[in-house]
Amino acid sequence: MKPFLRRLRAELFATPADALLSLGLIAVLSLAAFGFLRWAFTQAQWAVIRVNSTLFAVGRYPVEEQWRLWLLLWLLFAATGLSWGVLRSHPRRDRSGALWPRNDRIAAVLLVVLGLWRPWAMGLSLSIQARWWGLVALLLLVRWLAGRFGRRFGPLGLRLVALMWPVLYLVGMVLISGGLGLVAVSPSEWGGLMLTLLASSFAILLCFPIGVLLALGRRSDLPLLRWGSVLYIEFIRGAPLITLLFLGQNILGFLLPGGLAPDRVWRAAWVLTFFAAAYLAEAVRSGLAAVPRGQFEAARSLGLSYPQALGKVVLPQAMRVALPAMVGQFISLLQDTTLLSLIGLMELLGTARTVMANPAFLGKNAEVYLTLAVLFWCCCAALGLGSRALERRLDPHAVPSAT
Amino acid sequence: MSSAALTHPARVLSTTALLLTALVALLGCAAGGGAPGSPTMARIRERGRLVCAVDGAVPGFSTVGPQGAFVGIDADFCRAVAAAVLGDARKVEFRPVTAGERFVALSSGEVDLLSISSTHTLGRDAPGGNALSFGPVFFYDGQGVMVPAASGIRSLRDLAGKPICVESGTNTELNLADRMRERGVAYQPLRFQSGEQAYPAYEQGRCAAITSDSSLLAGKRSGFRNPADHVLLSELLSKEPSAKVTIQADPAWADAVRWITYTLIQAEESGLTQANVEASRAAARADASQAERRRFLGVEGDFGRQLGLPADFTLRVVKAVGNYGELFERHLGQSTPLGLDRGLNRLWNRGGLHIAPPFR
Numbered sequence: 014m015k016p017f018l019r020r021l022r023a024e025l026f027a028t029p030a031d032a033l034l035s036l037g038l039i040a041v042l043s044l045a046a047f048g049f050l051r052w053a054f055t056q057a058q059w060a061v062i063r064v065n066s067t068l069f070a071v072g073r074y075p076v077e078e079q080w081r082l083w084l085l086l087w088l089l090f091a092a093t094g095l096s097w098g099v100l101r102s103h104p105r106r107d108r109s110g111a112l113w114p115r116n117d118r119i120a121a122v123l124l125v126v127l128g129l130w131r132p133w134a135m136g137l138s139l140s141i142q143a144r145w146w147g148l149v150a151l152l153l154l155v156r157w158l159a160g161r162f163g164r165r166f167g168p169l170g171l172r173l174v175a176l177m178w179p180v181l182y183l184v185g186m187v188l189i190s191g192g193l194g195l196v197a198v199s200p201s202e203w204g205g206l207m208l209t210l211l212a213s214s215f216a217i218l219l220c221f222p223i224g225v226l227l228a229l230g231r232r233s234d235l236p237l238l239r240w241g242s243v244l245y246i247e248f249i250r251g252a253p254l255i256t257l258l259f260l261g262q263n264i265l266g267f268l269l270p271g272g273l274a275p276d277r278v279w280r281a282a283w284v285l286t287f288f289a290a291a292y293l294a295e296a297v298r299s300g301l302a303a304v305p306r307g308q309f310e311a312a313r314s315l316g317l318s319y320p321q322a323l324g325k326v327v328l329p330q331a332m333r334v335a336l337p338a339m340v341g342q343f344i345s346l347l348q349d350t351t352l353l354s355l356i357g358l359m360e361l362l363g364t365a366r367t368v369m370a371n372p373a374f375l376g377k378n379a380e381v382y383l384t385l386a387v388l389f390w391c392c393c394a395a396l397g398l399g400s401r402a403l404e405r406r407l408d409p410h411a412v413p414s415a416t
Numbered sequence: 415m416s417s418a419a420l421t422h423p424a425r426v427l428s429t430t431a432l433l434l435t436a437l438v439a440l441l442g443c444a445a446g447g448g449a450p451g452s453p454t455m456a457r458i459r460e461r462g463r464l465v466c467a468v469d470g471a472v473p474g475f476s477t478v479g480p481q482g483a484f485v486g487i488d489a490d491f492c493r494a495v496a497a498a499v500l501g502d503a504r505k506v507e508f509r510p511v512t513a514g515e516r517f518v519a520l521s522s523g524e525v526d527l528l529s530i531s532s533t534h535t536l537g538r539d540a541p542g543g544n545a546l547s548f549g550p551v552f553f554y555d556g557q558g559v560m561v562p563a564a565s566g567i568r569s570l571r572d573l574a575g576k577p578i579c580v581e582s583g584t585n586t587e588l589n590l591a592d593r594m595r596e597r598g599v600a601y602q603p604l605r606f607q608s609g610e611q612a613y614p615a616y617e618q619g620r621c622a623a624i625t626s627d628s629s630l631l632a633g634k635r636s637g638f639r640n641p642a643d644h645v646l647l648s649e650l651l652s653k654e655p656s657a658k659v660t661i662q663a664d665p666a667w668a669d670a671v672r673w674i675t676y677t678l679i680q681a682e683e684s685g686l687t688q689a690n691v692e693a694s695r696a697a698a699r700a701d702a703s704q705a706e707r708r709r710f711l712g713v714e715g716d717f718g719r720q721l722g723l724p725a726d727f728t729l730r731v732v733k734a735v736g737n738y739g740e741l742f743e744r745h746l747g748q749s750t751p752l753g754l755d756r757g758l759n760r761l762w763n764r765g766g767l768h769i770a771p772p773f774r
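Line by line, the protein sequences are chains X and H. One gets the working numbering by counting positions in the first sequence from 1 and adding 13 to each. One gets the working numbering by counting positions in the second sequence from 1 and adding 414 to each.
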């Protein structure tokens with residue numbers, strides 16, 4: 014405690030002027046915090062969120078088919094636990110090899126607290142509360158089992174886990190949209206957080222390969238390829254996303270005869286993808302520019318083919334440099350999905366608009382917007398955390414740390 | 415001359431084509447019994463559902479309920495049309511469309527019908543303008559001004575030099591500018607992209623007044639912390655008669671939508687409700703003296719067929735959603751949080767403007 018006090022004194026109360034400034038700031042901040050807390054706990058009427066929680070989560074998804082989304086959620090939680098455990102069971106250079114390092118213990122406790130408290134505080138029905146408890150329990154159980162026995166499968170286990178996610182994504186698509194014996198659910202009925210995550214994950218996954226190809230195209234020696242890439246990137250970067258979205262929604266209907274144009278949700282998702290790809294291409298290009306030319310030449314002179322030299326030597330180094338910029342792109346892409354509400358799609362913000370217009374909940378804007386902000390913050394924070402973990406993993410100079 | 419005509423292969427071909435066309439036309443007439451051919455209605459029947467555009471965020475007109483169903487008077491109109499055309503009020507695919515895109519969505523064929531409060535104006539109606547087809551007025555509105563009761567502002571003149579909240583890019587903004595210029599009153603417009611920003615700004619006192627359609631003002635006021643602290647000025651800035659919109663290229667479809675609207679109004683005038691319409695039809699069938707009801711409910715005559723709709727389309731409509739008065743009370747009236755007065759939206763014989771031409 015002593016060093017903490019000493020530090021406090023050194024940083025906040027070093028001179029009388031400092032002390033005055035600090036006291037003033039602390040007073041203002043605590044007043045604001047007090048006002049906010051008083052509003053949140055005494056004046057805000059959270060019924061608007063509780064009653065519409067399904068709408069915020071999945072939009073107008075038919076009630077009788079929602080079991081599919083629950084199944085997907087169980088699969089996702091199990092897969093998360095499995096990946097988490099398997100990764101920990103394979104210690105890396107920068108890790109001590111502990112099965113439950115400190116950060117993991119904190120995360121587990123947070124999960125338990127959130128999983129127990131949040132559904133109860135929201136006043137969800139008991140069966141839904143029980144499902145959330147079950148989900149958290151499953152995640153931690155699988156995490157423990159995979160951490161305990163993951164070693165036995167060796168590197169194969171890691172490879173299987175990496176393969177599991179794309180497969181799970183496809184399974185999720187089938188579960189959400191139907192097909193293969195399941196009743197089809199039209200994309201016009203998707204909404205809420207599900208649509209936001211679906212549109213942004215679709216765009217993030219697909220814009221990555223397109224962006225890398227564009228970046229390579231822009232550095233290519235073939236003039237046609239180079240100018241094509243430059244033209245594409247500069248056109249997309251010169252037009253605001255919202256105009257492209259409007260174009261996609263309205264012009265395709267005229268250009269393609271009825272029925273041929275993809276559904277509006279997919280049109281919007283593709284526009285997001287192509288938009289993000291142009292920006293991502295520039296991030297990747299900056300990464301490529303950071304790799305000395307000698308690296309490529311050395312790889313070629315060792316007898317690697319062009320694709321091998323690119324894929325095994327140049328791109329991995331470029332990606333490491335470009336990663337922070339790319340994650341920044343992904344985060345802004347996630348937030349750009351709110352523009353879909355302007356073309357009439359019921360993603361999170363679109364859902365919020367209709368909920369705030371419900372005669373029973375008029376004037377509850379603050380509650381709704383605050384919830385939206387928290388949801389978006391959670392998603393973006395998760396992306397940021399993931400990217401930092403990835404950065405550490407890709408860092409060749411990492412040293413074993415104490416945690 | 416005739417022998418030359420017979421020997422000329424092109425002439426022969428064209429004659430055959432003409433004959434074939436006539437034959438097809440004749441057959442078509444026989445099959446449809448003179449019923450009009452509406453490409454839109456054919457498309458709806460083939461698809462098995464009506465694609466109906468709604469705004470999705472206008473209180474009482476169209477919002478999404480907690481269970482995911484669209485609620486509101488505009489949403490119910492879609493259901494009425496689906497009941498008339500397809501016989502099932504549930505066969506509607508609701509398409510939330512924003513104000514800016516609605517007409518493009520309609521003319522590109524993405525939606526069959528706009529069930530959004532759209533003011534009927536010359537420019538939107540005329541072939542040289544947007545070339546749309548407007549149904550009968552579905553809701554009479556007018557642009558109003560709301561002020562805090564305590565401010566002492568009682569007329570537009572009192573707003574001289576004061577900030578007024580308004581949504582940018584709307585008719586509302588233009589009307590406000592016009593009326594203030596006529597009166598020679600200078601004011602500060604405070605423009606907002608959407609109502610979700612404008613109303614909180616007004617409630618926090620950033621502007622002395624807010625202007626929008628009266629129905630919307632009254633609706634939003636019901637969500638304020640102290641609704642009684644705000645009043646609507648008696649002056650109206652504009653008349654906003656809004657109607658359901660279809661494309662001009664399909665007059666038969668526009669007629670069907672027009673008479674479905676009239677059905678709702680006539681049903682109220684005739685005292686037919688969701689609850690009693692079926693019994694009334696049975697009674698009318700048994701009683702030849704109820705000539706008007708027999709015609710309206712399709713017991714006699716072939717009005718349904720003339721519109722390309724089933725003979726009992728009026729019964730289906732009223733059974734699905736009720737009459738106009740029931741719709742109004744359910745979504746906008748005194749029993750709802752919006753608590754709108756019917757005002758101009760009463761029937762013609764009760765001091766309002768809604769009137770249905772005769773069903774004969």
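For each residue, glycine too, the CB sits at the ideal point set by N, CA and C. In this text, all values refer to a predicted model and were calculated from it rather than measured experimentally.
Using CA coordinates, which residue listed in the options is at the minimum distance from residue i?
| i | options | result |
| --- | --- | --- |
| C621 of chain H | H:V495, H:H644, H:L528 and H:S531 | H:H644 |
| L226 of chain X | X:R406, X:A365, X:C393 and X:L328 | X:L328 |
| E515 of chain H | X:L375, X:R164 and X:G261 | X:G261 |
| S201 of chain X | X:V61, X:V71, X:L385 and X:A45 | X:V71 |
| E596 of chain H | H:D488, H:G501 and H:L651 | H:L651 |
| V472 of chain H | H:S608, H:A734 and H:Y616 | H:S608 |
| R101 of chain X | X:V61, X:G136 and X:V174 | X:V174 |
| A281 of chain X | X:R73, X:L139, X:L352 and X:L317 | X:L352 |
| R81 of chain X | X:I189, X:G98, X:Q56 and X:S35 | X:I189 |
| T687 of chain H | H:L721, H:A670, H:A623 and H:N737 | H:N737 |
Step through the CB atoms of chain H and report whether any lies within less than 8 Å of the CB of residue i.
| i | result |
| --- | --- |
| Q442 of chain X | Outside the shown range of chain X (14 to 416) lies residue 442 of chain X, about which nothing can therefore be said. |
| P337 of chain X | no |
| M359 of chain X | yes |
| G376 of chain X | yes |
| T67 of chain X | yes |
| T55 of chain X | no |
| A331 of chain X | no |
| I62 of chain X | no |
| S201 of chain X | yes |
| G224 of chain X | no |
| G397 of chain X | no |
| A45 of chain X | no |
| Q342 of chain X | no |
At the 8 Å Cβ level, is residue i part of the contact set with chain A, yes or no?
| i | result |
| --- | --- |
| Q58 of chain X | This model lacks chain A altogether; the protein chains it does include are X and H. |
How long is the line joining the alpha carbons of residue i and residue j, rounded to whole angstroms?
| i | j | result |
| --- | --- | --- |
| L84 of chain X | G194 of chain X | 16 Å |
| N763 of chain H | E683 of chain H | 8 Å |
| V599 of chain H | S213 of chain X | 49 Å |
| L123 of chain X | G399 of chain X | 17 Å |
| G757 of chain H | P562 of chain H | 23 Å |
| K576 of chain H | Q602 of chain H | 6 Å |
| L647 of chain H | R605 of chain H | 20 Å |
| R250 of chain X | F288 of chain X | 8 Å |
| C392 of chain X | E295 of chain X | 24 Å |
| V478 of chain H | P772 of chain H | 36 Å |
| G316 of chain X | F166 of chain X | 34 Å |
| M135 of chain X | R144 of chain X | 14 Å |
Are the CB atoms of residue j and residue i within a distance shorter than 8 Å?
| i | j | result |
| --- | --- | --- |
| L746 of chain H | G474 of chain H | yes |
| L711 of chain H | T728 of chain H | yes |
| D572 of chain H | S529 of chain H | no |
| V326 of chain X | A335 of chain X | no |
| M455 of chain H | W667 of chain H | yes |
| V559 of chain H | E649 of chain H | yes |
Is there a Cβ from chain X that is less than 8 Å from the Cβ of residue i?
| i | result |
| --- | --- |
| P614 of chain H | yes |
| V735 of chain H | no |
Which ranges would you report for the beta strand (DSSP E) in the segment 79-116 of chain X if only whole runs of at least 3 residues count? For the segment 79-116 of chain X, not a single whole beta strand (DSSP E) run of length 3 or above is found.
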